[in-house]
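Chemist: I'd like to ask some things about the structure below.
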Amino acid sequence: MKKFSVIHYDDAVGKENLAAVELALTKRGLKPSSIGTLKRNQTDLGAAVSDVVKAAPDVVIATTLYKTTGDFIKSAKKAGSGAQFASTSFVGASALAGELGDQGTGVVVAQVVPPYARASIPIVREYQAAIEKSLGKKDYSFTSLESYIGAKVLVEAIRRAGANPTREGLLKTLDSMQNFNVGGYLVDFSPSNHNGSKFVELTAISKAGRFAY
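Residue numbers (my numbering): 5 to 217.
And the structure:
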């Protein structure tokens, strides 16, 4: 696969997402074959779909949220695209699977946290218990697991920052959190690295709307 197209939002976050994809492609001697630019909450995707489909990409990488991504994939398929569709974790994986229905089979989604069903990992097991206690049901998702881990990291940073934390003190504390083990999930910050984790796994939406590894 050599031809990659990208869709992104025309705002600060969208441009950062586009830049991240372009950087990853550049490292592999590639560049986008086409770029579809969209406004937030844009419903008419015709022009962006046309631009991408005309380029006949092997892969379309979406950096948009689930509704936009789902509508784009359905429209592109209807327009005759045979591309492999993929998305960053930004999309909201479970919501995307629901949005696509039976058209989601085979769509690839990057995940930045472990599988939410893998109770052998301590943080996942703790998260599952918290969800069940709060909601009264096993309504797990990658998005809520990522939020749970993020909240744990923030609480630990506030604790380390002392009795009267300031904004500057909290930022300094976060920058010093290196190899922090959150129940089997490693978090690593520094003044020059705010990614937090190197964990990435690719999943594919199955016919049942679940995620295969």
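Every residue, glycine too, gets a C-beta built ideally from N, C-alpha and C.
If you're wondering where the values come from, they're calculated on a predicted model, not measured in any experiment.
So who's on the other strand from residue 25, going by DSSP bridges?
Modeler: The partner list for residue 25 (beta bridge, DSSP) is empty, contrary to what the question assumes.
Chemist: Is residue 117 closer than 8 angstroms to residue 65 when the C-beta atoms are compared?
Modeler: In this structure, residue 65 keeps its C-beta atom at 8 angstroms or more from the C-beta atom of residue 117.
Chemist: When the distance is taken between beta carbons, is residue 87 closer than 8 angstroms to residue 61?
Modeler: yes
Chemist: Quick check for students: name the residue ranges of the beta strand (DSSP E) that lie wholly in the segment 144–202, counting only runs of 3 or more.
Modeler: 184–186, 189–194, 197–200
Chemist: Using the Cα positions of residue 137 and residue 50, report the straight-line distance between them to the nearest angstrom.
Modeler: 44 angstroms
Chemist: Quick one: what's residue 91 bridged to in DSSP?
Modeler: 66, 113.
Chemist: So the alpha helix (DSSP H) residue 131 belongs to, where does it begin and stop?
Modeler: 126–139
Chemist: Shortest alpha-carbon distance to residue 193 belongs to which of 206, 204, 179, 34?
Modeler: 179
Chemist: Compare the C-alpha of residue 45 against each of 72, 204, 174 and name the closest.
Modeler: Checking every option, the nearest Cα to that of residue 45 belongs to 72.
Chemist: For residue 106, is the classification buried or exposed, using 16 other Cβ atoms within 10 angstroms of its Cβ as the cut-off for buried?
Modeler: exposed
Chemist: Do the CB positions of residue 111 and residue 77 come within less than 8 angstroms of each other?
Modeler: yes
Chemist: Is residue 188 closer than 8 angstroms to residue 135 when the C-beta atoms are compared?
Modeler: No, they are not a contact pair.
Chemist: Where do the N-terminal and C-terminal ends of the beta strand (DSSP E) with residue 40 fall, by residue?
Modeler: 36–42
Chemist: How many angstroms separate the CA atom of residue 13 from the CA atom of residue 96?
Modeler: 15 angstroms
Chemist: So what does DSSP say about residue 49, is it helix, strand or coil?
Modeler: Residue 49 falls in the coil class under three-state DSSP.
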